[in-house]
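Number of protein chains: 2
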Amino acid sequence: MMNYPLLLTTFLQRAARFFPKKEIVSVYANGTFRYDYGQAYKRCCQLAHALESLGIKHGDRVASFSLNNHRHFELYFGVPGMGAVLHTLNVRLSPEHLVYIMNHAGDRVMFIDEDLWFMVDPVKDQLKTVEHFVIMSQSGTMPPTTLSPVVLYDDLIKKFPEDYPFSPDRDENEAALICYTSATTGDPKGVVYSHRALYLHSLVVGLTLGAMERDCLLHVVPMFHANAWGAPFLGAALGCKQVLPGRQILDMKALCKIISDEKATFTCGVPTIWMMLYKYLEEGGEHDFSSIRTVVSGGSAMPRHLMESFRDKYGFNIAQCYGMTETTPFVSAAIPKSYMDNWPDKELFDLKTTVGIIATGLELRLENIETGDEAKMDGKDMGEICLRGPWIASEYYKDPERSKSTFRDGWLHTGDIATMNEEGYMSLVDRTKDLIKSGGEWISSVDLENAIMAHPMVLEAAVIGMPDEKWQERPLACVVPSPGRENEISAESVKSFLQDKIAKWWIPDEFVFLKEIPKTSVGKFNKKELRKTVLPTLKK
Amino acid sequence: MMNYPLLLTTFLQRAARFFPKKEIVSVYANGTFRYDYGQAYKRCCQLAHALESLGIKHGDRVASFSLNNHRHFELYFGVPGMGAVLHTLNVRLSPEHLVYIMNHAGDRVMFIDEDLWFMVDPVKDQLKTVEHFVIMSQSGTMPPTTLSPVVLYDDLIKKFPEDYPFSPDRDENEAALICYTSATTGDPKGVVYSHRALYLHSLVVGLTLGAMERDCLLHVVPMFHANAWGAPFLGAALGCKQVLPGRQILDMKALCKIISDEKATFTCGVPTIWMMLYKYLEEGGEHDFSSIRTVVSGGSAMPRHLMESFRDKYGFNIAQCYGMTETTPFVSAAIPKSYMDNWPDKELFDLKTTVGIIATGLELRLENIETGDEAKMDGKDMGEICLRGPWIASEYYKDPERSKSTFRDGWLHTGDIATMNEEGYMSLVDRTKDLIKSGGEWISSVDLENAIMAHPMVLEAAVIGMPDEKWQERPLACVVPSPGRENEISAESVKSFLQDKIAKWWIPDEFVFLKEIPKTSVGKFNKKELRKTVLPTLKK
């Protein structure tokens, strides 16, 4: 067989040649821009030449600070196409983290949306490696930025030929994109994606979720979030219409209008968006979901009642998926098997609210964190999700120290603790570092938190382990009472509420009532902070 | 990203672990055998051990002489799984060719269906490399064969463990299967398929044809024909139910019963089968196609009127595909694009009767055989289909001489001449060697034959080039009159029939009336033979 590499350019070239009329739609605040694969390809070629003219070479990093729009789409193909590495920057990063990762990645050029320059201006002097700033402007005017040297994207590329010799004489293992993931401790960690990984990931995402040429992909998940879950590449591989909604992803009225106007069939997003959408619908918001076929949710758990109501009231059938920056990101999807068609709805939803079955091509070990043995597929035995496969990272970029603890013995140790039922569907129960070991047995802090939060007087609850001489650890519940119930709630009332809901030995001995639970930058409970502030107050 | 190889074993291991209850059904003359991925996996493991016990090592060739049944399915995974190469033998080969290719491949073990031993016995002494014969018996009894040493498949494997350490520490470019293609001149030529090629091919076939876990794959195409078009691997990748119909593929009543009993949704086969099926249906044959979703036809052209009638009368919607042994085999599929939904039926059928658009991942050049330039996408300009991509062969096995002429400049030169319309759909017009060059212009012998065969008094017609001093070549029509019309038909009547149907200069000057057209072993016009026998009779 030919030694022919798996390159992302192959997808775009085929789309440009055989599906040149299929649309790529980019929605801006002041209007919708439409073009097609034929035109997009030409601009990707111009971009590739332009990058060369800036001195960009194989393996150089090129940063994007951008939402979902057609120029960002061109960067997705043009940058890796000419051999450079696209570094997608999360526009919500703190200035410190932004500076850190750009310097760490060594970004040589930075592409910035015209309405985001003001976030870059204040830190520009700290960006040690950036030689050129490029403003991606739909209005065609240069904003009042102090960045320098700076040029408008369209001005930069317009003078170059509309064809570029994308060559298949390249190594598929070359880097195509890089993305940093926020760490709970220390600086963000970089994950480098190869052409090969993204290529294979595209095919498997498409096959698993049943994508096809007639799908219209609406990219709700930001393009700076783990390669937009691979959807732009999948769309090009199939010749799908693609819709880039820009800032409209946070405006539910606009988002619903895009869905119905463009007849979107396939969309991916985080639960936050779907919850906002649900709220909008419940308030009577206008919508037409008749075109929608596939809705993917991932990044964190989607509440069950919401998934049920979404489907029952609005015909919005959500497929929950699991993944992370280190996994390109797709790992698993909670799609019921065909022989379950006649299962009772309740049992089907038990499966749909798991994180699903691992994708074809990947290998899973659910590893007991003490013995290293594989957990049983009984829905109870817990283990850490360990993965290997062609689109699983093998290291963090230039970070051997932290790579060592996460990538061990050839496996990615995700830090996620899960159970797996006998049908192979995984449910996340905790993060490794948050599990509580009591009397030789594990307690899932997440399960315990959910049980406590079901108490009517509890707004939020976080559970951490506290050292215990006899049991090694015991759970400590940090509880935020519901507004106005601060004086009614007591440790005893919560304990008695839990009596028949969880194993007796899971019930916390200690309760601490707080005004709020400290959160991380991405809104998760900051248990490290809790341990630091709450535990010392308990020392006897 | 991890350096994780693309191995076929990955598919089966996942299916065995997460879809162990999904069925594999094998239909025998005397009854249907059912088991599942869980059980099949265990037997594949036993087989792998058994091959080791026979001394089979990495890269050794293991032959199968078998129709579509569950033991052949186990060979598909067990042989490449343990590192050997499965050589699928066409059971319709002439004894000479069978002996040639087995000796050429150096097959060390030969697995034979229990009702096919009698075809091997007569040539056994000529098989220079075979050390073991294994009879795949469903009845459990050894047939009266003189092959030696010989053992029953189930006896061979039963004593071995049901688990095998299939390792991912292997090179994905290792050979997995080998298949020989009959050449019009000389000995058959071998094509070696790597794990990587078959793996990628599976994903792309599935994505292109929209296969999913809920599909039930009915393997009508023989498993000795170009990897059964990859469908057994695709099925394992997705966890699909698979049905192996054995000899029933030639018994239309039995085939229809299998389709309805097993609720087959997806099937692949050559036009010969679909024509037999159509005849059976037209005679009022019992059938229920309500489960059928995807029918693939390939290998040769499906007549348009048959495709239309199939759909209109029986709801059997055929997707015509193109490929060959050298391409694993999938190259292209004639699936209309979504924006053509409202096209008139006639125009849609114009596309459905092409060989379609090239699959994602492959690269095509439609190459003018004189200038080497790319043909225009205008539906008229002709060129040779030249391909490259990860599942395109780069050579014939141990045949440098013939490899050189077919694999040139990094491209497979298919020898198929096609046009491509502006939507990218290709139509085959001829084989390179059958094109006729007249006055500096090309004449498609196939198009000309079709025009002549539309004449009511013509049963068959083959057109070959005859040397011409003035025009270099002129077409010569070899015509078989319809039964009973031998005395009515004349060259003049055919010429005048062609007047308004083709370009004037295409009309043959010479006509030869024959009793029959000589055919090759696969039923195609043997033009080499025609040139040899007919041309000398014309010499003036």
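Protein sequences, first through last, are from chains A and B. Oh and the first sequence: position 344 is 485 in our numbering, straight run, nothing missing. Oh and the second sequence: position 396 is 537 in our numbering, straight run, nothing missing. Cβ coordinates follow ideal geometry from the N, Cα and C atoms, glycine included. It should be emphasised that the depicted structure is a prediction, and the values quoted were computed from it without experimental measurement.
Quick one: what does DSSP say leucine 148 of chain A is sitting in, helix, strand or coil? coil
Anticipated Cβ contact below 8 Å, methionine 567 of chain A with valine 496 of chain A, distance rounded: 5 Å
Which residue comes first and which comes last in the alpha helix (DSSP H) that contains tyrosine 421 of chain A? 412–423
Per-residue DSSP class, three states only, for phenylalanine 471 of chain A: strand
Can you give me the Cβ contacts of alanine 225 of chain A inside the same chain, cut-off strictly under 8 Å, excluding the 5 residues immediately before and after it? Leu192, Ile197, Lys198, His199, Gly200, Asp201, Arg202 and Val203
So histidine 336 of chain B packs on phenylalanine 471 of chain B, CB below 8 Å; how close in whole Å? About 16 Å; that fails the 8 Å criterion.
With the cut-off set at 8 Å, would you say threonine 466 of chain B and alanine 367 of chain B are in Cβ contact? yes
Nearest CA to the CA of glutamate 313 of chain A: which residue from A:Glu511, A:Pro146, A:Phe638 and A:Cys381? A:Pro146
Please list the segments of the beta strand (DSSP E) lying wholly inside the segment 493–562 of chain B, counting only runs of 3 or more residues, in order along the chain. 504–508, 524–529 and 552–561
Assuming the contact rule is C-beta atoms closer than 8 Å, glutamate 127 of chain A and alanine 602 of chain A should be a hit. Round their C-beta distance to whole Å, please. Any question about residue 127 of chain A goes unanswered here, given that chain A covers just 142 to 681.
Could you pull out every unbroken alpha helix (DSSP H) segment of at least 4 residues lying fully inside the segment 231–314 of chain B, listed in chain order? 236–246, 258–261 and 294–298
Sort A:Glu511, A:Arg572, A:Ser637 and A:Ser586 by Cα distance to proline 597 of chain A and report the nearest one. A:Ser637
Counting contacts by CB-CB distance shorter than 8 Å, is glycine 376 of chain A in contact with chain B? no
Own chain partners of asparagine 244 of chain B with C-beta closer than 8 Å, once the 5 adjacent residues on each side are dropped: Gln267, Leu268, Lys269 and Thr270
Comparing alpha-carbon positions, which option in A:Gln389, A:Thr349 and A:Ala377 lies nearest valine 362 of chain A? A:Gln389
Taking all protein chains shown into account, do 16 or more other C-beta atoms lie within 10 angstroms of the C-beta of phenylalanine 702 of chain B, making it buried, or fewer, making it exposed? Any answer about residue 702 of chain B is impossible in this case: the structure gives chain B only from 142 up to 681.
Alpha helix (DSSP H) runs wholly inside the segment 550–627 of chain B, at least 4 long, in chain order: 586–594
Can you tell me which residues form a DSSP beta bridge with glycine 331 of chain B? B:Tyr321
Taking the CB atoms as reference points, tell me whether proline 622 of chain B and phenylalanine 654 of chain B lie closer together than 8 Å. yes
Counting only beta-carbon atoms, is methionine 353 of chain B nearer than 8 Å to chain A? yes
What residues in its chain sit with their C-beta under 7 Å from that of leucine 288 of chain B, if we drop five residues either side in the sequence? Trp258, Val261, Asp262, Lys265 and Phe274
Any C-beta of chain B under 8 Å from that of valine 345 of chain A: yes
Work out the CA separation of arginine 212 of chain B and alanine 170 of chain B for me, nearest whole Å. 15 Å
Could you round the C-beta distance between lysine 398 of chain A and aspartate 540 of chain A to whole angstroms and report it? I think they count as a contact, below 8 Å. Between aspartate 540 of chain A and lysine 398 of chain A the Cβ distance is about 43 Å, and since that is not below 8 Å, they are no contact.
Measure how close the beta-carbons of glycine 556 of chain A and glutamate 525 of chain A come, nearest whole angstrom, since I'm counting them as under 8 Å. 7 Å
Would you mind working out which of A:Tyr294, A:Met607, A:Thr282 and A:Glu237 sits nearest alanine 189 of chain A, comparing C-alpha positions? A:Tyr294
Could you check if proline 485 of chain B is buried or exposed, using at least 16 other CB atoms within 10 Å of its CB as the buried criterion? exposed
Using 10 angstroms around the beta-carbon of arginine 184 of chain B, count the other beta-carbons present and answer buried if the total reaches 16, otherwise exposed. buried
If you follow the beta strand (DSSP E) that valine 220 of chain B is part of, which residue opens it and which one closes it? From DSSP, valine 220 of chain B is part of no beta strand (DSSP E) but of the alpha helix (DSSP H) over 211–222.
So, at 8 Å on beta carbons, what are the nonlocal neighbours of methionine 443 of chain A in its own chain, with the 5 sequence-adjacent residues on each side left out? Pro412, Trp415, Ile459, Gln461 and Thr494
If you draw a straight line from the C-alpha of leucine 553 of chain B to the C-alpha of alanine 378 of chain A, how long is it? 22 Å
Considering only C-alpha positions, which residue in the set A:Leu391, A:Ile298, A:Val346 and A:Pro608 is nearest to threonine 468 of chain A? A:Val346
Residues in the same chain with beta-carbon distance under 7 Å from isoleucine 476 of chain A, minus the five sequence neighbours each way, listed in chain order, please. Ala460 and Gly497
Helix, strand or coil for isoleucine 197 of chain B, going by three-state DSSP, please let me know. coil
Members of the segment 152–164 of chain B that neighbour chain A once the beta carbon cut-off is set at 8 Å: Phe152, Gln154, Arg155, Arg158, Phe159, Phe160, Lys162 and Lys163
Residues near tyrosine 421 of chain B by beta carbon distance below 6 Å, same chain, minus five either side: Met393
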